[in-house]
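Participant:
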Amino acid sequence: MDFQSRLEARGLSRRDFIKLIGTVTAALQLPAIYQPRIAQAVENAANKPAVIWLEGQDCTGCTESILSSFNPGPTEIVLDLLSIRYHETIMAGAGETAESWLAENIKQGGYLLVVEGSIPTADDRFLTIGGRPFRQILQEAAANAAAVVPIGACACYGGIPAAGPTEAKGVQDIISGKPIINLPGCPVKPNWLLGTILHYLVFNQVPELDSNKRPLAYFGGLLHDNCPRRGHFEKGEFLTDWNDPAQKDFCLLLRGCKGPKTYTDCAQSWWNDGVNFCINASSPCAGCTQPEFYAAGLSDNRAGLAPLYVRTDTMSLPGIGGVNPETAGKVMAGASVAGAGIHLVGNIATGRLKQEKAEEGRRDK
Amino acid sequence: MNTHHFPQRVAHALNLLAILALTASGFYIHRPSSPGLMGQVRYLHYIAGFVLLLNLAVRVYYAFFGRYRDYQEFKPNWRGLLQQIKYYFFLTKHEVKDGLYNPLQRLAYLGVVLLIVLQGITGFALGWPGGAMAFLVNLLGLAEIRAIHYLFTWVFITFIIIHLYLIFTEAPQALVEMFWRGKETNLNTGLNKKVARERI
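Below is the structure:
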């Protein structure tokens, strides 16, 4: 079956297909001139790009997110766009069959390895599949992969499980020597994953990444700089009372919004085909694309972004851990006031002040 | 002859105004309230920051190449440090007499220079995260840099508390002379002779 008739069999006209490619090109922030090239890459991928999808310590939220994609829809993703060889949540096979199929695909190599969920490092027994430690499965799968794409905060930086007892780590702490493209978020946004996969197919190389290994195309800008509530921030209108209708559109900074510290394109490309996103729905940004996401700061070695509804000001000092600069500053300033007071008592007791005055008196003469 | 010459007095006054403006506007930016002045307050914060940094640059240049150059006054005096600390703890009655500033003062003022530079660096990183300080943002993250910038503000406040207390109790005359041209005094007799010669 050629590509055209396969499209038609899925009820997609050529026009629908080109529209879809146009959307994806725009999402990649590439000029329209790339559109034919991307369409070509997708058509060439009639021997569709193989994807192996592993799940570690996760909530399947990222899978849900991808399957809730509108444009392209889940059927296009699963059946037309990608050849998903192994995915615990949506695959039909189970048990020995599925595991041997995974082993066979790993042997073939050259696939994209998508990882969802974190990896426990405290003890391998925290997560085993078919009796084998997840860490071992991940290392085997990564060894033959063309590139590794950790999706979601957990797979990228440890995420929410990192707050637990399993000493959860992201893929970048386990795997080395393979190109890693982090796509954080809680959950990941569908267009980030599809765009990154397409970018990889078109250019056959890893997109430009920042220091946290995130594609700059999606994570290059601060949320705060494009926030729809930015005007209220500039005017100093801050939401303090959730129940006051007059404040409902105000800036959420005082209610714990992490937008000024979070790199993401959420404000420009909204969720669910542009329906909404957190801040627009009156929820402060949780900073879910940041490595510090969900770290409390005081117990963790990172400056934290948790909890959600509180302005977090903790900073980390090497060797000491989390410190609240507000407390530290007040203690420091308070100690200096107390020290000055004690010193003043000493000055009076030893008669030093009088002495000074006498000296001055002499000088004035 | 005066303890503080006109350029030094101007630099000190500019420092005072800029640091006051920066601290006040900084606290507003840290915990904003209505009425909404965020844009204006931040603008003031930027202007005061540039004034402070430019003033520092000119002052440092002046300390080395100005008519009344005084870089010698800020050279750390490690030998006298212990005695000066003892003096403040009432363990000795004799202060270190060496130039205009005592050994602890020298360290404190050099520390302020360092503090202004660090505030400048973190401030630039916060104001323009994608700018020249982008590497720092990538290294530490904005949350950390913001916390450091805020903590340093408290270091400034601590410095000012101690600075004011010691000026009022130890050298009230110097306070007057820092703002107005003082009378002819012989406060300079303790000055390093080489500097004194240079000044003449």
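Chains as they are written, first to last, in the working numbering: chain A, 1 to 365; chain B, 366 to 565.
We put the CB at the ideal spot given by N, CA and C, even for glycine.
The model shown is predicted, which means the values in this text are computed figures rather than measured ones.
1) In the DSSP assignment, what residue or residues form a beta bridge with His87(A)?
2) Please state the DSSP three-state secondary structure of Ile119(A).
3) The beta strand (DSSP E) spanning Ala32(A) covers which residue range?
4) Going along chain B in order, which residues have a C-beta closer than 9 Å to the C-beta of Asn243(A)?
5) What are the boundary residues of the beta strand (DSSP E) that includes Leu317(A)?
6) Whose Cβ in chain A lies nearer than 7 Å to the Cβ of Tyr530(B)?
7) Buried or exposed: Ile33(A), going by 16 or more other Cβ atoms within 10 Å of its Cβ?
8) Check whether chain B comes within 9 Å of Glu208(A), counting only Cβ atoms and requiring the distance to be less than that.
9) With DSSP collapsed to three states, give me the class of Phe293(A).
10) At a Cβ threshold of 9 Å, is Asp391(A) touching chain B?
11) Which residue from Asn243(A), Phe233(A) and Asn324(A) puts its Cα closest to that of Leu516(B)?
12) Select from the stretch 3-30 of chain A all residues with a C-beta closer than 7 Å to any C-beta belonging to chain B, and list them in chain order.
13) Whose Cβ in chain B lies nearer than 9 Å to the Cβ of Pro284(A)?
14) From Tyr474(B) to Gly259(A), what does the alpha carbon distance come to, in whole angstroms?
15) At 3 residues or longer, and completely inside the stretch 124-157 of chain A: list those beta strand (DSSP E) runs for me, N to C.
16) Got a sec, what are the start and stop residues for the alpha helix (DSSP H) Arg434(B) sits in?
17) Do His370(B) and Tyr433(B) have their C-beta atoms within less than 9 Å of each other?
18) Between the stretch 342-355 of chain A and the stretch 384-403 of chain B, are three or more C-beta pairs nearer than 8 Å?
19) Is it buried or exposed for Lys261(A), if we count other Cβ within 10 angstroms and need 16 for buried?
20) Against chain A, which members of the stretch 482-508 of chain B pass a CB distance test of less than 7 Å?
21) In chain A, what lies closer than 7 Å to Ile513(B) by C-beta?
22) Residues in its own chain within less than 7 Å of Thr25(A) by CB, not counting five upstream and five downstream?
23) Using a Cβ-Cβ distance cut-off of 9 Å, determine whether Leu469(B) contacts chain A.
24) Would you report the Cα separation of Gly170(A) and Ile77(A), rounded to the nearest angstrom?
25) Alpha carbon to alpha carbon, how far is Ala163(A) from Ala141(A)? Give it in angstroms, no decimals.
26) Can you say whether Ser299(A) is buried or exposed, counting buried as having 16 or more other CB atoms within 10 angstroms of its CB?
27) Quick one: residues in its chain with C-beta nearer than 7 Å to the C-beta of Pro397(B), no 5 flanking neighbours on either side, listed in chain order?
28) Indicate whether Thr196(A) and Val149(A) have their beta-carbon atoms separated by less than 9 Å.
29) What are the boundary residues of the alpha helix (DSSP H) that includes Phe521(B)?
30) Compute the distance between the beta-carbons of Ile374(A) and Val206(A), then report whether it is under 9 Å.
31) How would you write the range of the alpha helix (DSSP H) that Ala370(B) sits in, first residue to last?
32) By alpha-carbon positions, which one of Asn420(B), Tyr466(B) and Phe415(B) ends up nearest to Phe439(B)?
33) Tell me the residue span of the alpha helix (DSSP H) that contains Phe454(B).
34) Quick check on Pro187(A): buried or exposed, where buried means 16 or more other Cβ atoms within 10 Å of its Cβ?
35) Taking 9 Å as the threshold (beta carbon to beta carbon), is Phe455(B) in contact with chain A?
Facilitator: From the atom records:
1) Here residue 87(A) refers to the residue found at position 87 when the first sequence is read from its first residue. BP columns for His87(A) point to Trp53(A).
2) Along the first sequence, read from residue 1 onward, the residue named residue 119(A) stands at position 119. Note: Ile119(A) maps to strand in three-state DSSP.
3) On the first sequence, position 32 is the one that residue 32(A) refers to. Ala32(A) -> no beta strand (DSSP E), and no H or E assigned at all.
4) Here residue 243(A) corresponds to residue number 243 of the first sequence, with the count starting at 1. Neighbours of Asn243(A) on chain B: none; closest Cβ ~17 Å, over 9 Å.
5) Within the first sequence, the letter at position 317 stands for residue 317(A). Unbroken beta strand (DSSP E) run through Leu317(A): Met315 to Leu317.
6) Here residue 530(B) refers to the residue found at position 165 of the second sequence. Result: Ala340.
7) By one-based count along the first sequence, residue 33(A) stands at place 33. When all chains shown are included, Ile33(A) counts as exposed.
8) Residue numbering aside, residue 208(A) sits at position 208 when the first sequence is read from its first letter. No - not a single Cβ of chain B is within 9 Å of the one on Glu208(A).
9) Working through the first sequence from its first residue, we reach residue 293(A) at position 293. If DSSP states are grouped into helix, strand and coil, Phe293(A) belongs with coil.
10) Since the first and last residues shown for chain A are 1 and 365, residue 391(A) lies out of range.
11) Position 151 of the second sequence, counting from 1, holds the residue named residue 516(B). The residue with the shortest Cα to Cα distance from Leu516(B) is Asn324(A).
12) none
13) Locating residue 284(A) in the first sequence gives position 284, counting from the first residue. Result: empty, since nearest Cβ-Cβ is about 14 Å, beyond 9 Å.
14) Position 109 of the second sequence, counting from 1, holds the residue named residue 474(B). Position 259 of the first sequence, counting from 1, holds the residue named residue 259(A). Cα to Cα, the separation comes out at about 37 Å.
15) 147-151
16) For this step, residue 434(B) is matched to residue 69 along the second sequence. Here Arg434(B) belongs to no alpha helix (DSSP H), and DSSP marks it neither H nor E.
17) Indexing the second sequence from 1 puts residue 370(B) at position 5. Indexing the second sequence from 1 puts residue 433(B) at position 68. Their beta carbons are under 9 Å apart, which means His370(B) touches Tyr433(B) by this criterion.
18) no
19) By 1-based counting over the first sequence, the position of residue 261(A) is 261. With 16 or more Cβ atoms within 10 Å of its Cβ, Lys261(A) is classed as buried.
20) Pro494, Asn503, Gly506, Leu507 and Ala508
21) In the second sequence, residue 513(B) corresponds to position 148, counting from 1. Near Ile513(B) (Cβ distances below 7 Å), the residues of chain A are Met315.
22) In the first sequence, counting from the first residue as 1, residue 25(A) sits at position 25. Taken in chain order, the residues that qualify are Ala32, Tyr34, Gln35 and Ile38.
23) The count along the second sequence starts at 1 and reaches residue 469(B) at position 104. No, no contact with chain A.
24) Here residue 170(A) corresponds to residue number 170 of the first sequence, with the count starting at 1. Here residue 77(A) corresponds to residue number 77 of the first sequence, with the count starting at 1. Roughly 25 Å between the two C-alpha positions.
25) The sequence position of residue 141(A) within the first sequence is 141, counting from 1. The sequence position of residue 163(A) within the first sequence is 163, counting from 1. Cα to Cα, the separation comes out at about 26 Å.
26) Numbered from its first residue, the first sequence carries residue 299(A) at position 299. Its pLDDT being 49, under 50, Ser299(A) is placed unreliably in this model, and the value from its coordinates should be taken loosely. Ser299(A) comes out exposed.
27) Along the second sequence, read from residue 1 onward, the residue named residue 397(B) stands at position 32. Closer than 7 Å at Cβ, skipping near neighbours: Met403.
28) Mapped onto the first sequence, residue 196(A) falls at position 196. Mapped onto the first sequence, residue 149(A) falls at position 149. Taking 9 Å as the Cβ cut-off, Thr196(A) and Val149(A) qualify as a contacting pair.
29) For the purposes of this step, residue 521(B) is taken as residue 156 along the second sequence, with counting starting at 1. Its alpha helix (DSSP H) spans residues Leu507 to Glu535.
30) Here chain A covers residues 1 to 365 and nothing more, so residue 374(A) does not appear.
31) Taking the first residue of the second sequence as 1, we reach residue 370(B) at position 5. Just to set this straight, residue 370(B) is His in the shown sequence, not Ala. Per DSSP, His370(B) belongs to no alpha helix (DSSP H) and is neither H nor E.
32) Within the second sequence, numbered from 1, the residue matching residue 439(B) stands at position 74. Of the candidates Asn420(B), Tyr466(B) and Phe415(B), the one whose C-alpha sits nearest the C-alpha of Phe439(B) is Tyr466(B).
33) Translated into positions along the second sequence, residue 454(B) becomes position 89. Careful: Phe454(B) lies outside any alpha helix (DSSP H) and carries neither H nor E.
34) Position 187 of the first sequence, counting from 1, holds the residue named residue 187(A). Looking at its Cβ environment, which holds 16 or more other Cβ atoms inside 10 Å, Pro187(A) is buried.
35) Counting from 1 along the second sequence, the entry for residue 455(B) is found at position 90. Yes - at least one Cβ of chain A is within 9 Å of the one on Phe455(B).
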